[in-house]
Amino acid sequence: NAYETSKVTFNEKEHYRYLNFLKQGIQICAPDVMQDNRLIELYDTYLKDEEIKAVIDTPIFVEDKLWGVLKCEYKQKHDIDRQDEWFNHILAFYIANLMESARTIEANEEVKKYLKKLEENFDEVISLLSRIVEERDPYTAGHQRKVALIASAIARELGLSEDEQRKLYIAGMLHDIGKLYVPPEILTKPSRLTPIEFEIVKVHPDKGYETLITLESLKEIAEIVRQHHERLDGSGYPKGLKNNQIIKEARILAVADVAEAMLARRPYRPPIPIEEVLKYLDENKGKLFDPEVVEACKKVFSLGMLPQS
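Anchor point for the sequence shown: position 117 equals 1056 in our numbering, and the numbering is continuous, going up by one each time.
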């Protein structure tokens, strides 16, 4: 129940291979550092002296550049599960977001005030992360990040402000957090869900909202998360909202979520070709999806602005 923090410095010459993995956005999860070739450069210069047996190293990107690495280290071998991965992904993302925000503030006095506010909110964030860790997360972080990238790219194409783009990215990263309340045997089922199972899954937007609304800094995100499965014709859930009852950000996130889900491999089907995905979105614009958002999404994909797998 206690955390020990420290600062470690790496350099390009001694740790080139290790840093190269991080620059590619790869989270290094090593239950046993002796068995992971990605950590060879670190063993003699650092891990052995510190008696580190297992690590989770998560890259932190600021303005698309590797800014640092969030290191979670264990003094004994450790079975790393998805809860561990999720916790570190979210915390690294939060740190990066704080750094990017802080860099936009020029006056020293404003920086001090802003950092003080961040410190006051940090306990709230830790509470959120603790709740995530307490639950079993059977869903991979890959889907969240790709949806976040697509949603923010659509927002940029629509000419929304950087703040709105950032908001969509955060919403994308957290949009399925409510699935922590869905039994893992349903989420990992290798075949299509039964009607009863699907009704259980449909609670996740409300559960996500309930989780996020408790945090002052995430209240706007909470409403986007709650509405991301709503559809223009009222056929969505959880409330069956229609047209302009659905906030713009949720309409963007809905298209990003559907596009990524169709493009991804599922246990019961292979990935759907991009042409078919765009055709589906096109056929349902004005019915299920915001036409303007669909057109922006098509442009994003046509320009090759796809998230890296």
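All C-beta atoms, glycine included, are put in the ideal place defined by N, C-alpha and C.
In the three-state reduction of the DSSP assignment, Lys992 falls in the coil class. Exposed is the label assigned to Asn1183, since fewer than 16 other Cβ atoms lie within 10 Å of its Cβ. Classified as exposed, Gly1173 has fewer than 16 neighbouring CB atoms from the shown chains inside 10 Å of its CB. Beyond the five residues adjoining it in sequence on each side, Glu953 comes within less than 7 Å, by CB distance, of Glu980 and Thr984 in the same chain, given in chain order. Taking the C-beta atoms as reference points, Glu1169 is found no nearer than 8 Å to Ala1198. Within the model, the alpha-carbon separation for Ile1034 versus Ile999 is close to 7 Å. 8 Å or more divides the Cβ of Leu1037 from the Cβ of Glu1231. Beta-bridge analysis with DSSP links Tyr1013 to Ala993. As computed with DSSP, Asp971 is found in no beta bridge at all.
Fewer than three pairs of CB atoms, one per stretch, sit closer than 8 Å, so the segment 1120-1135 makes no contact with the segment 1088-1102. Secondary structure of Ile999 (DSSP, three-state): strand. Rounded to whole angstroms, the separation of the alpha carbons of Lys1141 and Pro1134 is 11 Å.
If you look at Phe1137, you'll find it in the alpha helix (DSSP H) that goes Pro1134 to Val1140. Taking a C-beta distance under 8 Å as the contact criterion, Val1164 and Leu1113 qualify as a contact pair. Closest by C-alpha distance to His1143, out of Ser1130, Leu1157, Leu1009 and Asp1115, is Asp1115. Assignment of Val1008 by DSSP, reduced to helix, strand and coil, places it in the strand class.
In the displayed model, Lys952 falls within coil according to three-state DSSP, outside both helix and strand. DSSP assignment within the segment 1176-1239 yields the following whole alpha helix (DSSP H) runs of 4 residues or more, N-terminal first: 1187-1202 and 1213-1222.
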